[in-house]
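Undergrad: This note's numbering numbers the first residue of the sequence shown as 565 and each following residue consecutively. Note that beta-carbon positions come from the ideal geometry of N, C-alpha and C, so glycine has one too. Computed from a predicted structure; not experimentally measured. Please find one structure pasted underneath; my questions will follow.
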Amino acid sequence: MAEKKVVEPRRPTDWALVEELLSSEEMRTMFLYGDPSLGKTYAAYHFGRTGEEIYAITLTEDTPAAELRGHYVPVEGELVWRDGPFTAAMRNGSRLVINEVTHGPPEAQSLLYPVLESIETARLTLPTNETVRPAPGFQVICTDNLTPDELPDALQDRFDCTIEVTEPHPNAFDKLPADLRQAARRSFALESARRVSIRRWLAIDRLRGKIGLRKACHAVLGPARGDQIMDALNLGKA
Ligand SMILES: Nc1ncnc2c1ncn2[C@@H]1O[C@H](COP(=O)(O)OP(=O)(O)O)[C@@H](O)[C@H]1O
Ligand SMILES: [Mg+2]
Numbered sequence: 565m566a567e568k569k570v571v572e573p574r575r576p577t578d579w580a581l582v583e584e585l586l587s588s589e590e591m592r593t594m595f596l597y598g599d600p601s602l603g604k605t606y607a608a609y610h611f612g613r614t615g616e617e618i619y620a621i622t623l624t625e626d627t628p629a630a631e632l633r634g635h636y637v638p639v640e641g642e643l644v645w646r647d648g649p650f651t652a653a654m655r656n657g658s659r660l661v662i663n664e665v666t667h668g669p670p671e672a673q674s675l676l677y678p679v680l681e682s683i684e685t686a687r688l689t690l691p692t693n694e695t696v697r698p699a700p701g702f703q704v705i706c707t708d709n710l711t712p713d714e715l716p717d718a719l720q721d722r723f724d725c726t727i728e729v730t731e732p733h734p735n736a737f738d739k740l741p742a743d744l745r746q747a748a749r750r751s752f753a754l755e756s757a758r759r760v761s762i763r764r765w766l767a768i769d770r771l772r773g774k775i776g777l778r779k780a781c782h783a784v785l786g787p788a789r790g791d792q793i794m795d796a797l798n799l800g801k802a
């Protein structure tokens with residue numbers, strides 16, 4: 565007899581904990597992962613460090629390590645060193661946000677080892693021969709759609725906290741008008757393949773004023789899925 569597959573329900577996200585950790589000076593390194601559009605990058609940019617400069621980068625397989633660490637640039641016939649975001653954030657004691665961290669090439673990931681070290685041992689030696697140590701306040705937040713298993717064990721081990729995001733932050737729903745907010749909340753109760761992301765609800769909201777709700781759903785989700793979602797969520801029926 566075929567074994568019955570047990571799917572463990574995903575735990576709701578403790579957003580209050582995420583906010584508390586992002587506001588804490590004791591929390592140095594965090595890995596936030598989960599489906600797209602749930603607010604991982606938003607949290608990394610906005611929570612805990614309001615009004616402070618944040619250095620952010622999104623990695624792709626083509627991101628050169630020199631873009632992260634820094635490089636020489638010609639200025640009036642001379643080569644002058646320019647810090648990249650990793651170096652600048654360390655030097656200034658700022659928050660460094662690395663989006664899609666598992667997508668970076670191996671050289672970019674290698675740079676993460678010295679950066680994610682404990683405050684006593686983290687350092688970057690530059691081609692200028694300068695060694696940069698983290699100033700107080702330096703924090704690294706990595707976000708990803710993939711799980712931390714995509715990273716080498718030694719890198720996974722360097723994160724103070726690793727948190728899965730499974731649902732949008734409540735404030736994200738508040739950006740929507742009442743009818744779409746209700747539909748969006750209901751859509752997050754559906755299985756994940758049928759959910760409509762906050763980004764898409766925001767796009768539907770922007771377009772509906774010009775072309776109407778149904779056409780906006782068609783434009784954003786495709787005609788068949790747009791109709792399906794409108795029916796499933798009882799949308800557009802006053
Ligand atoms: N806490 C929040 N408050 C307000 N808006 C939010 C919040 N979280 C997410 N959003 C909205 O949702 C969009 C998608 O969030 P984002 O952080 O880019 O998702 P992710 O990084 O998980 O793919 C954002 O551009 C923003 O408009
Ligand atoms: Mg993101």
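Does the beta carbon of residue 775 sit closer than 8 angstroms to a beta carbon anywhere in chain B?
TA: Absence of chain B from the displayed structure is noted, only one protein chain being present.
Undergrad: Can you list, in chain order, the stretches of the beta strand (DSSP E) that have 3 or more residues and sit fully within the segment 586 to 672?
TA: 593 to 598, 618 to 622, 634 to 639, 642 to 647 and 659 to 663
Undergrad: According to DSSP, residue 696 sits in a beta bridge with which residue or residues?
TA: As a position in the sequence shown, residue 696 is number 132, starting the count at 1. 688, per the DSSP bridge assignment.
Undergrad: With DSSP collapsed to three states, give me the class of residue 721.
TA: What you label residue 721 is simply residue 157 of the sequence shown in a count that begins at 1. Reduced to three states, the DSSP call for residue 721 is coil.
Undergrad: From the DSSP secondary-structure annotation, give me the bridge partner or partners of residue 769.
TA: What you label residue 769 is simply residue 205 of the sequence shown in a count that begins at 1. Answer is none; residue 769 lacks a bridge partner.
Undergrad: At a threshold of 7 angstroms, does residue 663 count as lining ligand 2 (C-beta to nearest heavy atom)?
TA: Here residue 663 corresponds to residue number 99 of the sequence shown, with the count starting at 1. Flag set: Cβ of residue 663 near ligand 2.
Undergrad: Is any heavy atom in ligand 1 found nearer than 7 angstroms to the beta carbon of residue 693?
TA: Translated into positions along the sequence shown, residue 693 becomes position 129. No, Cβ of residue 693 sits at least 7 angstroms from all heavy atoms of ligand 1.
Undergrad: State the CB to CB distance for the pair residue 649 and residue 621, rounded to an integer number of angstroms; the pair is presumed to be in contact (CB under 8 angstroms).
TA: Along the sequence shown, read from residue 1 onward, the residue named residue 649 stands at position 85. Along the sequence shown, read from residue 1 onward, the residue named residue 621 stands at position 57. Right, the Cβ-Cβ distance comes to about 5 angstroms (below 8 angstroms), so this counts as a contact.
Undergrad: Rounding to the nearest angstrom, what Cα-Cα distance links residue 690 and residue 710 in this structure?
TA: Mapped onto the sequence shown, residue 690 falls at position 126. Mapped onto the sequence shown, residue 710 falls at position 146. About 30 angstroms.
Undergrad: Measuring only the C-alpha atoms, how far is residue 686 from residue 617?
TA: In the sequence shown, counting from the first residue as 1, residue 686 sits at position 122. In the sequence shown, counting from the first residue as 1, residue 617 sits at position 53. So the two alpha carbons sit approximately 21 angstroms from each other.
Undergrad: Just the Cα atoms here: how many angstroms apart are residue 615 and residue 608?
TA: If you number the sequence shown from 1, residue 615 lands on position 51. If you number the sequence shown from 1, residue 608 lands on position 44. Cα to Cα, the separation comes out at about 13 angstroms.
Undergrad: Any idea if residue 756 is buried or exposed, counting beta-carbon neighbours within 10 angstroms, 16 or more meaning buried?
TA: Position 192 of the sequence shown holds residue 756. Classification of residue 756: exposed, given that the 10 Å Cβ count is below 16.
Undergrad: Helix or strand or just coil, what does DSSP make of residue 518?
TA: There is simply no residue 518 to check, as the chain begins at 565 and stops at 802 in what is shown.
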